[in-house]
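For the record, the sequence lines run as chains B and H. Residues 108 to 314 (our numbering) make up the first sequence, in order. Residues 108 to 314 (our numbering) make up the second sequence, in order. Don't be surprised by glycine CBs; every beta carbon is placed ideally from N, CA and C. This structure is a prediction, so every number in the text was calculated from the model and none was measured. What follows is a single structure, written as structure tokens, with notes after it.
Number of protein chains: 2
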Amino acid sequence: MTTATSRAYDHVKQAILERAYPGGALLSEGEIASEVGVSRTPVREALLRLETEGLVRLYPKRGALVLPVSPQEISDVLETRELVETFTAGRATIGPELVAELTRLLEAMREHSGAADAKEFAHADRCFHRTLVAAAGNEILTQLYDSLRDRQLRMARLTASDPVRAADAIRDHSEILAAVRSGDRRRIRTAIHRHLQTATAALHGRS
Amino acid sequence: MTTATSRAYDHVKQAILERAYPGGALLSEGEIASEVGVSRTPVREALLRLETEGLVRLYPKRGALVLPVSPQEISDVLETRELVETFTAGRATIGPELVAELTRLLEAMREHSGAADAKEFAHADRCFHRTLVAAAGNEILTQLYDSLRDRQLRMARLTASDPVRAADAIRDHSEILAAVRSGDRRRIRTAIHRHLQTATAALHGRS
DNA sequence: GGCATACGTCTTGTATGTAACATAGATACA
DNA sequence: TGTATCTATGTTACATACAAGACGTATGCC
């Protein structure tokens, strides 16, 4: 069985990312504890962790405030994401395994590009980028990147349920993969930069 | 009065950074609790936080392992630090307050360059860099940078107690400050890059 | 001797109890 | 009316209790 702490963590994190706990809400440990069916202790540990991830802010004796997404946060996340992705693209170890993995993930995106599979699509999308970042071999940046993607999840309204955007994403990823295959790092960086530009524009166009 | 959790956190963190708890040591909550004079609960919260900072690793039902510094970690920290510093240098809002603050910190470094003030020297050094990073206005990167500096603390053998290295650092920082005054961003990045190169070399030369 | 098993010890994971703090709203008073 | 104070309620911060898991070691058996 999974631990009580991780159940509490997953529950709260998912609720925040899906806006079931909206930005600005003040959560109490006891309330969450009874929802999840555990005691307050594991809930408290989950909230502590979510605070370090930047999703909530703990106010002593008051409760846990679900941080509203601010323009500053959006800008910081996007800026940092671009920094990490372009940098790691310049350092990634490019080999047959990497190409094979990226190919597989791109294929998964194509398979799930229908409106019904939005969740799987988003997952493959995310894994694609993550794989590329991880290929640079820097664990600190890989972990940072993961937390950025989580935070970005809250910002997107209805990510990827739009077929046009799904098609855009597939096209962009194909270009990134082709660039990786070519081994031309400048081309990879350019492709990633362009991809993030379109993604950013879409985000701003809807928020 | 400060909270029990923060006392436990400070105690353990300092002990790890100063190698009082050496890499590879297995800590138990109860042991720390009695050292600090609090119950296990706040100790546990402190350890959880230190795990997210990459200083310890919690093994279920076993204890908290003080992570030994690995070559991989050294490389990741240095690489990430350079990435963050050079990037933020390119975005920092350069104004009179920034220049004044950096000047003040450089002055503090000069004041404390004697061997007796190693701690104050290191503190001013760190604040100098932190101020520059923060001037870019990206909270995510600023926070990341802080954690990198903590981790780097463990790697340096006897940081800055060497007068030659202190003089080197002051010279490098002067050049960075001059570059900031000039407003030439390329020059700032170059100065930072050179500074990190010498710092890295010193680190490797001794470890 | 060699192997499996049982046991004792250490440690955590989780629940629960308690006191102190923060706040909102009521109340008293000028 | 406006202000200060009191009180009721909700919430955490921390301590403590207890059960269960992980290991090292001894024990029994061949």
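- Same chain only: Cβ atoms within 6 Å of R188(H), ignoring 5 sequence neighbours per side: L255
- In angstroms, rounded to a whole number, what distance separates the CA positions of L185(H) and E142(B)? 44 Å
- Thinking C-alpha only, which one of N245(H), H280(H) and P178(H) is nearest F194(H)? N245(H)
- Query: Got a sec? Which residues, its chain only, sit under 6 Å from H118(H) by beta carbon, not counting five neighbours each side?
  - Reply: V143
- Message: Could you tell me the alpha carbon to alpha carbon distance between L154(H) and I123(H), rounded to whole angstroms?
- Response: 12 Å
- For H219(H), which option in P270(H), P149(H) and R114(H) has the closest C-alpha, if you only look at C-alpha atoms? P270(H)
- Message: Does R126(B) pass the burial test, meaning 16 or more other C-beta atoms within 10 Å, or should it be called exposed?
- Response: exposed
- For E192(H), is the classification buried or exposed, using 16 other Cβ atoms within 10 angstroms of its Cβ as the cut-off for buried? buried
- Message: My output table needs one value for R198(H): the three-state DSSP class, helix, strand or coil.
- Response: coil
- Message: Could you pull the DSSP bridge partners for G131(B) from this structure?
- Response: Per DSSP, none; premise fails for G131(B).
- Within the chosen definition, does the stretch 195–206 of chain B reach the stretch 229–245 of chain B through at least 3 CB pairs nearer than 8 Å? yes
- Query: Hey, how far is the Cα of R294(B) from the Cα of A286(B)?
  - Reply: 6 Å
- Task: Kindly indicate if chain H contains any beta-carbon less than 7 Å away from that of L155(B).
- Result: yes
- Message: For V173(H) and G221(B), what's the separation of their Cα atoms in angstroms?
- Response: 47 Å
- Message: Given this structure, state the Cα-to-Cα distance separating E208(B) from R233(B), to the nearest angstrom.
- Response: 13 Å
- Query: Taking only runs of the beta strand (DSSP E) that begin and end inside the stretch 175–248 of chain H, which ones reach a length of at least 3 residues, in chain order?
  - Reply: none
- At a CB-CB cut-off below 9 Å, which residues of chain H make contact with I247(B)? G161, E180, D183, V184, E186, T187, L251, S254, L255 and R258
- How many angstroms separate the CA atom of T109(B) from the CA atom of R292(H)? 51 Å
- Query: Between the stretch 128–158 of chain B and chain H, which residues of the former have a C-beta closer than 7 Å to a C-beta of the latter?
  - Reply: E152, L155 and R156
- Message: In the DSSP assignment, the alpha helix (DSSP H) including L155(B) goes from what residue to what residue?
- Response: R147 to T159
- Is A215(H) closer than 7 Å to A231(H) when the C-beta atoms are compared? yes
- When Cβ atoms are compared, which residues of the stretch 187–221 of chain B fall closer than 7 Å to chain H? T187, L190 and F194
- Task: Quick one: using the 10 Å Cβ neighbour count with 16 as the cut-off for buried, is K324(H) buried or exposed?
- Result: It is not possible to answer for residue 324(H), since the shown part of chain H is limited to 108 through 314.
- Which first and last residues belong to the alpha helix (DSSP H) in which G144(B) is found? No alpha helix (DSSP H) contains G144(B), which DSSP labels as neither H nor E.
- Query: Around the Cβ of E204(H), are there at least 16 other Cβ atoms within 10 angstroms (buried) or fewer (exposed)?
  - Reply: exposed
- Task: Could you say which of G137(H), L284(H) and H311(H) lies nearest to L212(H) if we only look at CA atoms?
- Result: L284(H)
- Item | Exposed unless 16 or more other CB atoms sit within 10 angstroms - verdict on K168(H) | exposed
- Message: Per DSSP, what are the beta-bridge partners of V271(B) in this structure?
- Response: Beta-bridge pairing links V271(B) to no other residue.
- Task: Note down, in chain order, each residue of its chain lying with its Cβ closer than 6 Å to the Cβ of L165(B), except the 5 sequence neighbours on either side.
- Result: E158 and A171
- Cα-Cα separation, Y128(B) to D279(H): 49 Å
- Task: With DSSP as the reference, please indicate the residues paired to G170(H) in a beta bridge.
- Result: Y166(H)
- Item | For E180(B) and D257(B), believed in contact at Cβ under 8 Å, the rounded distance | With 8 Å as the limit, D257(B) and E180(B) do not qualify as a contact, their Cβ atoms being about 12 Å apart.
- Could you pull the start and end residues of the alpha helix (DSSP H) that A111(H) belongs to? A111 to L124
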